[in-house]
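Novice: Before we start, here is the structure in question, set down as structure tokens.
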Amino acid sequence: MRNANVVIVVYDVTDEHGLERAENWIDVARRESSAELLVLVGNKIDLVDKRVIAKTDALKVASAGSLLYVETSAKTGQDVDNLFRRVGETLVEISLESEEEDLDLVSVTLENPNDEDVEGMGGCIC
């Protein structure tokens, strides 16, 4: 976990303590890794009648911790591809933002010191 770019913490939506355990793992991930992205995944959403953790509760945890949140069913495959697509897209966004921050951009304005009309002169005024 120490050199990971992403940490994905999965919890069981049918386990009443699942989200609480996931929060503990998120705390560990924050302490022990330098991951740029933390993802919280609610799994087993195919077991609708056994679900005990509301999506709204998990969204509150995700929002408070600035986590990406996705719900899936590993059994049926529901939204598993969405999970990995969103992770990939978010990593690209983070990478692009990081590159922009690393650039030392300088604003340059070219002016004509003689205030001459240089159109049609075929060259640069520098």
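In my numbering, each number is its position in the sequence shown, counted from 1, plus 1498. Each residue gets a CB set at the ideal place from its N, CA and C atoms; glycine is no exception.
(1) Using CA atoms only, rank isn't needed, just tell me which of 1501, 1499, 1505 is closest to residue 1566.
(2) What are the start and end residues of the alpha helix (DSSP H) that includes residue 1559?
(3) Excluding the five sequence neighbours on either side, which residues of its own chain have a C-beta within less than 8 angstroms of the C-beta of residue 1585, listed in chain order?
(4) Relative to the alpha-carbon of residue 1592, which residue among 1533, 1515, 1558 has its alpha-carbon at the smallest distance?
(5) Which same chain residues, not among the five before or five after residue 1516, have their C-beta less than 7 angstroms away from its C-beta?
(6) Rounded to whole angstroms, what's the CA-CA distance from residue 1554 to residue 1596? Just pull it up for me.
(7) Going by beta-carbon coordinates alone, are residue 1556 and residue 1575 separated by less than 7 angstroms?
(8) Which one of 1587, 1529, 1582 has the shortest CA to CA distance from residue 1501?
(9) The beta strand (DSSP E) with residue 1569 in it runs from where to where?
(10) Is it the case that the Cβ atoms of residue 1570 and residue 1579 are separated by a distance below 7 angstroms?
Specialist: Checking against the coordinates, here is how it stands:
(1) 1505
(2) 1553-1562
(3) 1504, 1506, 1535, 1537, 1566
(4) 1533
(5) 1509, 1510, 1551
(6) 31 angstroms
(7) no
(8) 1529
(9) 1566-1569
(10) no
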